[in-house]
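First residue of the sequence shown: 1, per full-length UniProt numbering; consecutive thereafter.
Ideal placement from N, C-alpha and C gives every residue a C-beta, glycine not left out.
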Amino acid sequence: MKELNYLNKYFVKYKYRFLLGILITIVAQIFSLFTPKLISRSINIIEEYTTNPEGDISLVKNELFISLALIIAATLIAGFLTFLMRQTLIVMSRYVEFDLKNEVFQHYEKLSQNFYKRNRTGDLMNRISEDVGKVRMYVGPAVMYTINTIIRFGIVILYMYNVSPKLTLYTLLPLPLLSYFIYKLSTEINKRSTLYQENLSNLSSFSQEIFSGIRVIKAYALENQNIDKFKNLAQESRDKNMNLAVVNSLFGPLMLLLIGLSNLVVIYFGGIMYINGSIASIGIIAEFILYVNMLTWPVASIGWVSSLVQEAEASQKRINEFLKSEPEIQNNNSQPSIINGSIAFKNVSYTYEDTAITALKNVSFTVEKGETLAILGKTGSGKSTILSLISRLYDIKEGTITLDGKQLDQVNLESLRESIGFVPQDAYLFSDSIKNNIKFGKEEATDEEVIEAAKQAKVHKNIQKFKKQYETVLGERGITLSGGQKQRVSIARAIIKNPQILLFDDCLSAVDTETEEGILQNLFKICEDKTTIIVSHRVSSAKNADKIIVLDDGKIIEQGTHNQLIDQKGYYYELYMKQLSEKELM
1 MKELNYLNKY FVKYKYRFLL GILITIVAQI FSLFTPKLIS RSINIIEEYT TNPEGDISLV
61 KNELFISLAL IIAATLIAGF LTFLMRQTLI VMSRYVEFDL KNEVFQHYEK LSQNFYKRNR
121 TGDLMNRISE DVGKVRMYVG PAVMYTINTI IRFGIVILYM YNVSPKLTLY TLLPLPLLSY
181 FIYKLSTEIN KRSTLYQENL SNLSSFSQEI FSGIRVIKAY ALENQNIDKF KNLAQESRDK
241 NMNLAVVNSL FGPLMLLLIG LSNLVVIYFG GIMYINGSIA SIGIIAEFIL YVNMLTWPVA
301 SIGWVSSLVQ EAEASQKRIN EFLKSEPEIQ NNNSQPSIIN GSIAFKNVSY TYEDTAITAL
361 KNVSFTVEKG ETLAILGKTG SGKSTILSLI SRLYDIKEGT ITLDGKQLDQ VNLESLRESI
421 GFVPQDAYLF SDSIKNNIKF GKEEATDEEV IEAAKQAKVH KNIQKFKKQY ETVLGERGIT
481 LSGGQKQRVS IARAIIKNPQ ILLFDDCLSA VDTETEEGIL QNLFKICEDK TTIIVSHRVS
541 SAKNADKIIV LDDGKIIEQG THNQLIDQKG YYYELYMKQL SEKELM
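What follows is the structure, encoded as structure tokens:
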């Protein structure tokens with residue numbers, strides 16, 4: 001239960017609703033216990049009349065009618081209060097579910113890039129949906145029926161004891177045996193539930209990856225192989241679920257068996273005690289049988305509740321694993337920072353923890369506000385890593401990075417990222433309208449601003465060709481658009497934000513040369529008072545930059561202006577001549 005202790009703060013938050021639910025439960029149980037007393041009274045009246053048939057039959061009928069009316073009234077009141085109990089406690093569990101899902105989601109957003117490299121999307125989704133759902137069943141039904149069972153047991157046993165302490169003792173004899181079986185079965189349920197939830201995460205992760213990469217799968221005709229893989233995972237999931245169901249199914253028959261034993265005990269020992277004169281009437285035996293049967297559902301629910309608690313324990317443990325994960329990137333300055341955009345790297349080296357690949361080696365450069373820096377180099381030379389470090393997606397351990405003369409990790413993290421317009425290498429668009437995807441960079445933007453940003457990114461004419469134009473809803477990851485269109489919509493999203501720093505990570509690779517030149521001309525006009533860093537494989541994207549650095553294997557091998565690098569006749573010159581000849585051949 002230690003993992004479930006994390007939820008205690010929610011019981012405190014909703015303490016008034018929780019306490020009201022307990023109060024209603026107590027009152028409902030008191031009214032439900034009127035019935036056995038009234039039935040016992042009715043049987044005693046009939047027994048007295050049979051022993052003395054000369055009595056007034058009309059009085060007997062009148063007494064029985066009153067008892068019947070009271071039984072109906074007590075039952076209706078108890079039923080209505082039970083309804084209120086469910087409305088109070090089950091609704092509370094929905095509030096807790098809402099809060100917990102929001103807490104998990106907010107924590108997900110705080111976690112650093114490395115966390116998402118280590119964990120699969122399907123597993124993350126499973127923990128915020130399936131696992132939180134299991135936890136809700138603990139907060140709602142499990143807690144409600146536990147309270148109901150405890151209160152009913154307490155009140156019923158008190159009533160039974162007042163009627164006949166000795167018969168009460170006989171009736172409760174099977175309970176220690178019940179407790180032992182519950183403990184053994186609950187332990188097994190916890191183990192099997194954990195295995196089932198872990199397998200369900202694997203199934204969700206596999207499905208998510210397949211659906212995301214469906215175009216590649218179809219292109220390689222791998223549908224049948226993936227169907228077989230899914231069948232195997234689904235089979236494994238079914239087997240683990242069946243193993244869990246086998247243990248859960250033992251509870252019901254076991255509870256009913258023990259309740260049946262209690263009934264036999266009441267009839268046998270109650271009958272002997274009636275014959276011996278230890279109890280006054282047969283009505284008491286009937287009353288005890290009703291009490292025992294009133295305990296049938298609470299006792300039977302112990303098994304169900306135990307399985308719910310064990311499943312919730314396993315699920316909350318998985319949730320806690322992530323909630324206890326601390327973001328590697330911390331905001332070390334709570335005060336908002338004013339960003340101008342002067343960036344300096346000094347002897348920066350960076351090694352990725354997950355792969356142990358050293359992406360940057362002793363890199364130093366500066367770029368002032370209003371300047372444009374272009375970064376060129378082979379694939380894997382560390383270009384994108386520089387942009388990730390500026391955005392503080394990762395933190396360095398060697399060297400220093402400063403922004404406006406201040407250590408980067410001492411700049412307010414929210415201010416830093418709000419001041420950056422980032423266009424990634426893999427343009428990611430959401431399943432929303434084109435307009436909203438562009439407004440993602442500035443939610444309050446007007447339609448005119450959206451259109452202007454699209455024009456600057458040279459995608460306006462393409463959007464106009466769609467039937468619904470800017471209201472066109474894109475498929476997942478922007479699948480409706482071509483690669484070049486996605487890149488340009490991403491550029492428009494960065495432009496409309498009007499940030500102090502613009503980072504372009506090879507974001508023109510999917511557009512033709514003519515479109516590229518048009519976009520670059522617009523960008524250089526927009527970026528006159530901004531710090532701009534352009535990562536590219538093309539010299540055409542870099543030649544008009546104020547500064548150019550060339551990376552190879554994480555090291556700066558050349559830096560300067562376009563003309564300076566041409567004069568050096570090194571890697572940049574060779575790349576320029578190669579791309580120039582390719583352009584002429586086209």
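Query: Residues that TYR571 bridges to, as DSSP identifies them; Result: Answer by DSSP bridge pairing: none, since TYR571 is not bridged.
Query: Three-way DSSP call (helix, strand, coil) for ASN544 in this model; Result: coil
Query: Contact the stretch 155 to 164 vs the stretch 281 to 288: 3+ CB pairs below 8 Å; Result: yes
Query: Close-in-space but distant-in-sequence residues of the same chain around ASP99 (CB under 8 Å, 5 per side omitted); Result: TYR10 and LYS13
Query: Cβ pair ALA445, SER490 closer than 7 Å; Result: no
Query: 7 Å CB neighbourhood of GLU236 in its chain, flanking five on each side removed; Result: ASN199
Query: Separation of GLU63 from ARG192, as counted between CA atoms; Result: 56 Å
Query: Sequence-distant residues of the same chain with beta carbon closer than 7 Å to VAL292, five excluded per side; Result: THR171, ILE259, SER262, ASN263 and VAL266
Query: DSSP three-state assignment for LEU177, whether helix, strand or coil; Result: helix
Query: GLN407 - partner residues in DSSP beta bridges; Result: THR402
Query: 7 Å Cβ cutoff, GLN456 in contact with chain B; Result: In summary, chain B is missing from the structure at hand, where a single protein chain is found.
Query: Contact under 7 Å by Cβ, ILE147 with LEU33; Result: no
Query: Of the listed residues LYS231, PHE365, LYS2 and LEU393, nearest to PRO424 (C-alpha basis); Result: LEU393
Query: Three-state secondary structure (DSSP) of SER536; Result: strand
Query: Opening and closing residue of the alpha helix (DSSP H) in which GLY283 lies; Result: 282 to 294
Query: LEU19, DSSP secondary structure in three states; Result: helix
Query: Where ASP131 falls, given that 16 or more other Cβ within 10 Å makes a residue buried; Result: buried
Query: Collapsed DSSP secondary structure at MET586 in the structure displayed; Result: Confidence at MET586 is low in this model, with a pLDDT of 49, below 50, so its placement is unreliable and the value that follows should be read with caution. MET586: coil per DSSP, three-state reduction.
Query: Validate contact between the stretch 450 to 463 and the stretch 527 to 539 using beta carbons, cut 8 Å, 3 pairs; Result: no
Query: Bounding residues of the alpha helix (DSSP H) (the contiguous stretch that carries ALA245); Result: 223 to 249
Query: Among ASN126, TYR116, PRO327 and PHE504, nearest to ASP395 - alpha-carbon criterion; Result: PRO327
Query: Best match in LEU167, PRO174, GLY140 and ASN119 for proximity to ASN202 [C-alpha to C-alpha]; Result: ASN119
Query: Beta-carbon gap between GLY135 and ILE189 smaller than 7 Å; Result: For clarity, residue 135 is Val in the given sequence; the question names Gly instead. Going by C-beta atoms, VAL135 is not nearer than 7 Å to ILE189.
Query: Burial state of LEU585 (16 or more Cβ within 10 Å); Result: For LEU585, the pLDDT reaches just 46, beneath the cut-off of 50, and the residue's location in the model is therefore unreliable, although a value from the coordinates is still provided. By the 10 Å Cβ count, LEU585 comes out exposed.
Query: Of the listed residues TYR145, ILE151 and SER93, nearest to SER306 (C-alpha basis); Result: TYR145
Query: Member of LEU84, LEU257, LEU295 and LEU185 whose CA lies at the smallest distance from the CA of ASN243; Result: LEU185
Query: Proximity winner among LYS2, MET577, ASP567 and LYS555, relative to SER540 (alpha-carbon distances); Result: MET577
Query: Opening and closing residue of the alpha helix (DSSP H) in which residue 613 lies; Result: What the structure shows of the chain is the stretch from 1 to 586, and residue 613 is not part of that stretch, so it cannot be assessed.
Query: Which listed residue (PHE322, LEU70 and GLN559) has its alpha carbon closest to that of LYS37; Result: LEU70
Query: Neighbour-count burial assignment, ASN332, 16 or more Cβ in a 10 Å radius; Result: exposed
Query: Assigned exposure category for ILE272 - 16 Cβ within 10 Å defines buried; Result: exposed
Query: Endpoints, alpha helix (DSSP H) assigned at GLU558; Result: No alpha helix (DSSP H) holds GLU558; the beta strand (DSSP E) holding it covers 555 to 560.
Query: Cut-off 8 Å between Cβ atoms - residues of its own chain near PRO499, not counting five sequence neighbours on either side; Result: GLU418, SER419, ILE420, GLY421 and LYS530
Query: Sub-7 Å separation of THR25 and ILE151 beta-carbons; Result: yes
Query: Reference SER391, options GLN330, PHE31 and TYR274, closest by Cα; Result: GLN330
Query: Segment contact flag, the stretch 457 to 474 with the stretch 376 to 389, C-beta cutoff 8 Å, min 3 pairs; Result: no
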